[in-house]
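Read the structure below first, then the notes.
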Amino acid sequence: MKKERRSYQQWLEQIYLLTKKRRLRDLNIQLGKPTTEACTASYEPSDLDELKQLAISSNHGLEVYYEALDHFLRTKAEPFQAMLTTWMSGAKAYVRDSVIPFNDAINWCQNASDPDDRKTLAKELLALCRFLTQFSHATWEAILSTLIETFGFKSYLHYNEEKRNMSIRDEATVAQEFLEQTKDSYFDSISALTSKVAKLPLEESSRYDAIYLLGLRYLDHLFPSEFNMARVEKFFESIEIPLRDNRNLKIHELSSGRQSYCIPVEIPGEIHVIVGKISGWLDLESLFHELGHAFSFLYTDPNLPVEKKDFFHSAALPESYAFLFQTMCMSKPFLVEIMGIDPEKASIVSGIHRTKWTTLARRYAAKLLVEIRNFDNVDLLEGKQYYSEVMKRETGFSYQPDTYLFDLMPDFYTLDYFRGFVGAAIIGDFLNSNFGEKWFVNPEACKLIKKWWSKGNSHELSGFLEVELKKPFDIKCFVEQLTEVNLQKETLDRVL
Numbered sequence: 000m001k002k003e004r005r006s007y008q009q010w011l012e013q014i015y016l017l018t019k020k021r022r023l024r025d026l027n028i029q030l031g032k033p034t035t036e037a038c039t040a041s042y043e044p045s046d047l048d049e050l051k052q053l054a055i056s057s058n059h060g061l062e063v064y065y066e067a068l069d070h071f072l073r074t075k076a077e078p079f080q081a082m083l084t085t086w087m088s089g090a091k092a093y094v095r096d097s098v099i100p101f102n103d104a105i106n107w108c109q110n111a112s113d114p115d116d117r118k119t120l121a122k123e124l125l126a127l128c129r130f131l132t133q134f135s136h137a138t139w140e141a142i143l144s145t146l147i148e149t150f151g152f153k154s155y156l157h158y159n160e161e162k163r164n165m166s167i168r169d170e171a172t173v174a175q176e177f178l179e180q181t182k183d184s185y186f187d188s189i190s191a192l193t194s195k196v197a198k199l200p201l202e203e204s205s206r207y208d209a210i211y212l213l214g215l216r217y218l219d220h221l222f223p224s225e226f227n228m229a230r231v232e233k234f235f236e237s238i239e240i241p242l243r244d245n246r247n248l249k250i251h252e253l254s255s256g257r258q259s260y261c262i263p264v265e266i267p268g269e270i271h272v273i274v275g276k277i278s279g280w281l282d283l284e285s286l287f288h289e290l291g292h293a294f295s296f297l298y299t300d301p302n303l304p305v306e307k308k309d310f311f312h313s314a315a316l317p318e319s320y321a322f323l324f325q326t327m328c329m330s331k332p333f334l335v336e337i338m339g340i341d342p343e344k345a346s347i348v349s350g351i352h353r354t355k356w357t358t359l360a361r362r363y364a365a366k367l368l369v370e371i372r373n374f375d376n377v378d379l380l381e382g383k384q385y386y387s388e389v390m391k392r393e394t395g396f397s398y399q400p401d402t403y404l405f406d407l408m409p410d411f412y413t414l415d416y417f418r419g420f421v422g423a424a425i426i427g428d429f430l431n432s433n434f435g436e437k438w439f440v441n442p443e444a445c446k447l448i449k450k451w452w453s454k455g456n457s458h459e460l461s462g463f464l465e466v467e468l469k470k471p472f473d474i475k476c477f478v479e480q481l482t483e484v485n486l487q488k489e490t491l492d493r494v495l
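What follows is the structure in structure tokens.
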């Protein structure tokens, strides 16, 4: 029996509904609710070929095609992912009297001030990763074999370049330039911070020591205890971005220290933010990062086509908004003006945060080099030694080869993070130049940002910068921001 051909609109409605179902399922998983509804891509490769030709012949873009293909890949990988998830849920590390679930290891490490405890955790996680690698590899193989054998892509890199309509290989040059230009100032600052806070020389430190450093818990004695969610709501209300009683935004404030998420079930009508209670700098950063995402979804024009508001094949622009708000809340002007912190202490907090920011940006630049090289190969496991070498060289922290697969990000999201860091710096520089360093309380600046948000993902990051800011995507101002002041040991001695 011959199948009835679907119109482009029918395909659009089907894929949009599937996207909403998956997002709702992701939300329920994060909230610990039952997830019984199936999110299966009930179509075949031949149907996707038909959709692609239909989109081309009707002068539509390929957003729906790649969204449909992503759902198809997830369906193929889900049996293997379910097995991995099952084993991971039972995996535990043991450090002294602590029993640490595998999925909670990063949160635990952010609070682990004892270097011996972090070293024990590293050994425990290494053993777990060696066992779990077979299940993670099977999940990746299901995706890669489907792309190569069924759809004819040369590699995962090739697939993502086609989906994004950009040369990801060219980004390796940008990442390498960034690493070279920030190298000296970074290693000066991170060496001082590691020695003082992690109680280890950098050459003996691991990625788990870096996780502790980036958690900033050692600075929480400078965090004003009265700065809670009510104060955050008051700040945003003052710039006409209401959080309370916003029927399209739901903030789930759960236990402190948990992983934060922003899940847009429907843009702009149903946005969820999941965060921990504000008890320190990391909680504040996480909240503002997710709110940066949430606001960009909330203020998206509901009349935009689904392809321009609900489908994201590059998240660099949304991440730029999120990083913009994250760096804003840790800047000296915000710390003094909004949080009421002493200017000298604010300088120290913002200075240490700048070192954290450089560390994160270099980590993702280095990961990007690794993933561009390794995702261009058929055998993904061959790249684990290269991963370990590059991460050690560019961050200074040791990375165990057998943890490699658990540091990979699907859809080249590493690229979105790196470009998001740069994008946030360019946008922030534009706002500072036009509205001053306290742009976050300037009504005209806030109106302009809402205007940007209203356009959804009509532009990828580079297009947005060119159209809205008349600026190119360039690392220059980001490098200048990160290298203008080095963290000194004397500064650390004053607060630690």
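Counting from 0, one number per residue, gives the positions in the sequence shown under numbering that gives the first Met the number 0.
Glycine included, C-beta positions come from ideal geometry on N, C-alpha and C.
Q. In whole angstroms, what separates the C-alpha of Thr394 from that of Arg362?
A. 6 Å
Q) How do the stretch 284-294 and the stretch 41-56 stand: do at least 3 beta-carbon pairs fall below 8 Å, yes or no? A) no
Q | For Leu290, the residue or residues it bridges with in DSSP | A | DSSP lists no partner for Leu290.
Q. What first and last residue would you give for the alpha helix (DSSP H) that runs through Val440?
A. Careful: Val440 lies outside any alpha helix (DSSP H) and carries neither H nor E.
(Q) Out of Glu202, Tyr412, Met327 and Leu283, which one is the CA nearest neighbour of Glu436? (A) Met327
Q. Who are the Cβ neighbours of Leu213 in its own chain at under 8 Å, not counting the five residues just before and after it?
A. Gln109, Lys355, Thr358 and Leu359
Q. Which word fits Ala92, buried or exposed, when buried means at least 16 other C-beta atoms lie within 10 angstroms of its C-beta?
A. buried
Q: Please name the residue, chosen from Ala141, Ile210, Pro267 and His312, that lies closest to Asn302 on a Cα-to-Cα basis.
A: Checking every option, the nearest Cα to that of Asn302 belongs to Pro267.
Q | Closest residue to Ala37 among Gly31, Ala54, Pro78 and Asn58 (Cα-Cα distance) | A | Comparing Cα-Cα distances from Ala37 to each of Gly31, Ala54, Pro78 and Asn58, the minimum goes to Pro78.
Q: Enumerate in chain order the residues of its own chain whose CB-to-CB distance from Pro263 is below 6 Å, with the five nearest sequence positions on each side excluded.
A: Ile270 and Phe296
Q.
Less than 8 Å between C-beta atoms, sequence neighbours within five positions excluded: which residues of the same chain meet that for Phe152?
A. Leu146, Tyr158 and Glu161
**Q.** Nearest neighbour of Ala121, chosen from Phe150, Leu131, Ile105 and Ser135 [CA to CA]
**A.** Ranked by how close their Cα comes to the Cα of Ala121, the residues Phe150, Leu131, Ile105 and Ser135 have Ile105 in first place.
Q: Taking all protein chains shown into account, decide if Ile347 is buried (16 or more other Cβ within 10 angstroms of its Cβ) or exposed.
A: buried
Q. My guess is that Arg206 and Ser397 are in contact by the Cβ rule of under 8 Å, so how many angstroms apart are they, rounded?
A. 7 Å
Q: Please classify Glu62: is it buried, with 16 or more other beta-carbons within 10 angstroms of its beta-carbon, or exposed?
A: buried
Q) Straight-line CA distance for Phe420 to Glu3? A) 46 Å
Q) Got a sec? Which residues, its chain only, sit under 7 Å from Leu127 by beta carbon, not counting five neighbours each side? A) Ala90, Ala92 and Phe101
Q: Below 7 Å CB to CB, which residues in the same chain sit around Lys449 once its five sequence neighbours on both sides are set aside?
A: Tyr298
Q: Write down the C-beta distance between Ile351 and Leu248 rounded to the nearest angstrom, noting that I regard them as a contact closer than 8 Å.
A: Between Leu248 and Ile351 the Cβ distance is about 31 Å, and since that is not below 8 Å, they are no contact.
(Q) Let me make sure I understand the geometry here. Which of Asp300, Glu479 and Asn433 has the alpha-carbon closest to that of Lys454? (A) Asp300
Q | Euclidean distance between Cα positions of Thr513 and Leu17 | A | The question about residue 513 has no answer here: the residues shown for the chain are numbered 0 through 495.
Q) What do you get for Leu72, buried or exposed, if any count of 16 or more other CB atoms within 10 angstroms of its CB means buried? A) buried
Q: Starting from the Cα of Asn227, find the closest Cα among Trp280, Phe463, Ile240 and Asn456 and give me that residue.
A: Trp280
Q | For Ile474 and Val173, believed in contact at Cβ under 8 Å, the rounded distance | A | Contact holds; Cβ gap of about 6 Å.
Q: Please report the Cβ distance between Ile142 and Ile371, rounded to the nearest whole angstrom; I am assuming they are in contact, meaning their Cβ atoms lie under 8 Å.
A: At roughly 17 Å, the Cβ-Cβ gap does not stay under 8 Å, so Ile142 and Ile371 are not in contact.
Q) Are Ser57 and Tyr7 closer than 7 Å when you measure CB to CB? A) Taking the C-beta atoms as reference points, Tyr7 is found nearer than 7 Å to Ser57.
Q) Going along the chain, which unbroken runs of the beta strand (DSSP E) with 3 or more residues stay wholly within the stretch 73-127? A) 91-94 and 97-100
Q: Could you tell me the boundaries of the beta strand (DSSP E) in which Ile147 lies?
A: Under the DSSP assignment, Ile147 falls outside any beta strand (DSSP E); it carries neither an H nor an E label.
Q: Identify, in the order they occur along the chain, each residue of the same chain with its Cβ nearer than 6 Å to the Cβ of Leu215, setting aside the five sequence neighbours on each side.
A: Trp280 and Leu281
Q) Hey, would you say Leu323 sits closer than 7 Å to Ala423, going by beta carbons? A) yes
Q: In the DSSP assignment, find the beta strand (DSSP E) that holds His251 and state where it starts and stops.
A: Leu248 to Leu253
**Q.** Stretch pair the stretch 309-325 + the stretch 400-420: three plus CB contacts closer than 8 Å
**A.** yes
Q.
Using a 10 Å radius around the Cβ and a threshold of 16 neighbouring Cβ atoms, would you call Leu83 buried or exposed?
A. buried
Q: Thinking Trp139 and Leu379 are a contact (beta carbons under 8 Å), I'd like their distance in whole angstroms, please.
A: Trp139 to Leu379, Cβ: 6 Å. Contact.
Q. Along the chain, where does the beta strand (DSSP E) that runs through Cys261 open and close?
A. Looking at the DSSP string, the run of the beta strand (DSSP E) that includes Cys261 is Tyr260 to Glu265.
Q | Any chain B beta carbon closer than 7 Å to Phe296 | A | The structure shown contains no chain B; it holds only a single protein chain.
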